[in-house]
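Enquirer:
There are 2 protein chains.
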Amino acid sequence: MTTTSVQPPTDRRLERREAKLANILAEAWTLARRDGLAAISLRDLADAVGLRQPSLYVYFESKLDLYDAMFADGYRQLLAYINARRYSDDPRRALAKLVADCVQFSSNDVIRHQLLFQRTIPGFEPSAASFDVALDFYAIGRGMAEAAGVRTQAELDIFTALVSGLAHQQIANDPGGRRWVRLADQVVDMFLADLDRRHKTTTSTGGRR
Amino acid sequence: MTTTSVQPPTDRRLERREAKLANILAEAWTLARRDGLAAISLRDLADAVGLRQPSLYVYFESKLDLYDAMFADGYRQLLAYINARRYSDDPRRALAKLVADCVQFSSNDVIRHQLLFQRTIPGFEPSAASFDVALDFYAIGRGMAEAAGVRTQAELDIFTALVSGLAHQQIANDPGGRRWVRLADQVVDMFLADLDRRHKTTTSTGGRR
DNA sequence: GTCTATATTCGGATAGAC
DNA sequence: GTCTATCCGAATATAGAC
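Protein chains in written order, with this note's numbering: chain A, 1 to 209; chain B, 1001 to 1209.
(1) Have a look at B/A1128 and B/F1137 and give me their C-alpha separation to the nearest angstrom.
(2) Secondary structure at A/V30, three-state DSSP: helix, strand or coil?
(3) Less than 7 Å between CB atoms is the rule here; does A/L78 satisfy it with respect to chain B?
(4) Where do the ends of the alpha helix (DSSP H) carrying B/R1151 lie?
(5) Return the residues of the stretch 175-187 of chain A that lie within a Cβ-Cβ distance of less than 8 Å from chain B, sorted by chain order.
(6) Run the CB neighbour count on B/Y1067, radius 10 Å, all protein chains shown included, and call it buried at 16 or more, exposed below.
(7) When DSSP labels each residue in this structure, what does B/E1015 get in the three-state scheme?
(8) What does A/L166 touch in chain B if you count any residue whose Cβ is under 8 Å from its own?
(9) By alpha-carbon positions, which one of A/D174, A/R76, A/N173 and A/F159 ends up nearest to A/V99?
(10) On the DSSP letters alone, give me the boundaries of the alpha helix (DSSP H) that A/Q186 sits inside.
(11) Determine, using beta-carbon pairs with one atom in the stretch 41-50 of chain A and one in the stretch 100-109 of chain A, whether at least three such pairs fall under 8 Å.
(12) Is it buried or exposed, B/K1215, if we count other Cβ atoms within 10 angstroms and call 16 or more buried?
(13) Check the Cβ-Cβ distances between A/T120 and every residue of chain B, and say whether any is below 7 Å.
(14) Please state whether DSSP places A/F159 in a helix, a strand or coil.
(15) I'd like to know if B/M1190 contacts chain A, where contact means its C-beta is closer than 7 Å to some C-beta of that chain.
(16) How would you list, in chain order, the residues of chain A whose beta-carbon sits under 9 Å from the beta-carbon of B/Q1114?
(17) Please classify A/E155 as buried or exposed, where buried requires at least 16 neighbouring CB atoms within 10 angstroms.
(18) For the alpha helix (DSSP H) containing A/S89, name the first residue and the last one.
(19) How about B/N1048 and B/E1061: are their beta carbons less than 7 Å apart?
(20) Indicate whether at least one CB of chain B lies closer than 7 Å to the CB of A/Q169.
(21) Return yes when the Cβ of B/L1192 is within less than 7 Å of the Cβ of B/R1092, no when it is not.
(22) Tell me whether the beta-carbon of B/L1031 lies closer than 7 Å to the beta-carbon of B/D1073.
(23) Below 9 Å on C-beta distance, what does A/G149 contact in chain B?
(24) With H, G and I counted as helix, E and B as strand and the rest as coil, what does DSSP make of B/R1052?
(25) Rounded to whole angstroms, what is the Cα-Cα separation between B/Q1114 and A/T120?
(26) Residues of chain A with CB closer than 9 Å to the CB of B/K1140, please, in chain order.
(27) Which residue's Cα is closest to the Cα of B/P1122: A/K20, A/S88, A/R13 and A/A39?
(28) Looking at A/M144: is its Cβ nearer than 7 Å to the Cβ of B/D1194?
(29) From this set, A/K63, A/A96, A/K20 and A/V58, which residue's C-alpha is nearest A/E125's C-alpha?
(30) Suppose you measure from the CA of A/R85 to the CA of A/Q77; what does that come to, to the nearest Å?
(31) CB-CB under 6 Å to B/Q1053, same chain, minus the five flanking residues each way: which ones, in chain order?
(32) Roughly how many whole angstroms lie between the Cα atoms of B/F1131 and B/A1069?
(33) Buried or exposed: B/G1177, going by 16 or more other Cβ atoms within 10 Å of its Cβ?
(34) Does the Cβ of B/G1050 have 16 or more other Cβ atoms within 10 Å, making it buried, or fewer, making it exposed?
(35) When you check each C-beta in the stretch 21-53 of chain A against every C-beta of chain B, which residues fall closer than 7 Å?
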């Protein structure tokens, strides 16, 4: 019988582990920004956190599992980014702000955008648990869109296309900048005016849902 | 002096070479669709075209060079796709058709879309020659947008965001389908109506260019 | 939980004969 | 232009001691 008995996992053991995991993830993002998302190597990552490469397998059971953790982490960052802002009581102005924020968020980190919004890593698909984090975000977006007058799925589809289009162009042609971020207001106005026009002509007629 | 003298490269020698190159590219696309763009291996590619792996270096001097050839090839496919269509004399209807075609083109091949429109391969950047092919396409898009009334860079930026947003959502959420393709008309109408409104209120005032 | 040592596979790329 | 043979490096992943 040794003095170091088996500890219950609910302690500052878990806390320690979480902290280390967070550190690994942070370094993984740094490496990804330097070498490209698909070009991360577990050797480099281990070096960056002061471990030997096999020790990483204590925290992730495979490289794809690392991507999965990064995926969830990225969406948590997005949720934190959104939650840190105050949005107007006017649902239309709130929506415009949300769109600008989302585009800005993408512009802030191209690699993160790649992992969250583009399917670029061969073989990677987010786990159900990680995808749930993503769904939390999309629920917020949908809620604010509906508050601003979006009713049908087609209208929501157009809205999501507007947001991802702004983000994509921002990243592809002005990474880190604000060229398309600045257009968010105008685009949302355009979208809402179109909603108005369509809801006016087809009042309670073609309201398929 | 041997009987097989040095031939001038202008013959059906070049023709042969071009045909083989085209075949290699076709198989490369097939492999990319199967394994993912970043996961192509030159060994598999050589197998697919009945060559040994080192022989590929007669046609491409590196793997990135293969991607470069695929990039140019993809944009040539896009140009051919567009040129095979007839567009209305009404520039607004023509523009709506162009957008639908571009979104459909993306939907037809997710991998191709990835290479042409997303920066996903670490270390890959198109050569000047390949980029010129891309520019040919963007010149067409810009021309048709301007014919439909687009005047400023900001307006063009919004337009490109609309197209890439529709394409992105189509690919991400309904690959191979038409869910966002069908929305192209409505989105272009929305965009043009917004142009009208803006040009009406600020007639020849804020026409920065 | 972290280490050393190693398995295993696979990748792109080059040399040089034919 | 195609081949054989090979280099060299890098990758993920596992076994087992401490």
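Backbone N, C-alpha and C define an ideal beta-carbon position, used for all residues, glycine too.
The structure presented is a predicted model; accordingly, all values stated were derived computationally and were not measured.
Expert: Quick answer:
(1) Their backbone Cα atoms lie some 15 Å apart in a straight line.
(2) For clarity, residue 30 of chain A is Thr in the given sequence; the question names Val instead. A/T30: helix per DSSP, three-state reduction.
(3) no
(4) First-last for B/R1151: undefined, no H or E at that position.
(5) R179, W180, L183, Q186 and V187
(6) Buried is the call here.
(7) helix
(8) A1161 and G1165
(9) A/F159
(10) A184 to T201
(11) Because the criterion of three Cβ pairs below 8 Å is not met, the stretch 41-50 of chain A and the stretch 100-109 of chain A do not touch.
(12) Absent from the structure is residue 1215 of chain B, since the part of chain B shown begins at 1001 and ends at 1209.
(13) With 7 Å as the cut-off, A/T120 counts as an interface residue toward chain B.
(14) helix
(15) At least one chain A Cβ lies under 7 Å of B/M1190.
(16) Q118, R119 and T120
(17) buried
(18) What sits at residue 89 of chain A in the sequence shown is Asp, not Ser. Per DSSP, A/D89 belongs to no alpha helix (DSSP H) and is neither H nor E.
(19) In the sequence as presented, Asn is not what sits at residue 1048 of chain B; that position holds Ala. No, Cβ-Cβ distance for B/A1048 and B/E1061 is not below 7 Å.
(20) yes
(21) yes
(22) No, these two residues do not count as a Cβ contact at 7 Å.
(23) Chain B residues near A/G149: none, gap ~14 Å exceeds 9 Å.
(24) In the structure shown, B/R1052 sits in coil (DSSP, three-state: anything other than H, G, I, E or B).
(25) A straight-line Cα-Cα distance of about 8 Å links B/Q1114 and A/T120.
(26) In the sequence as displayed, the identity of residue 1140 of chain B is Ile instead of Lys. Correct list: empty, because the minimum Cβ distance to chain A is about 18 Å.
(27) A/A39
(28) no
(29) A/K63
(30) Near 13 Å, if we compare the C-alpha coordinates of A/Q77 and A/R85.
(31) Hits under 6 Å: L1042, R1043 and A1046.
(32) Rounded to the nearest angstrom, the two C-alpha atoms are 11 Å apart.
(33) Exposed.
(34) Here B/G1050 is exposed, its C-beta having fewer than 16 other C-beta atoms within 10 Å.
(35) D35, G36, A38 and A39
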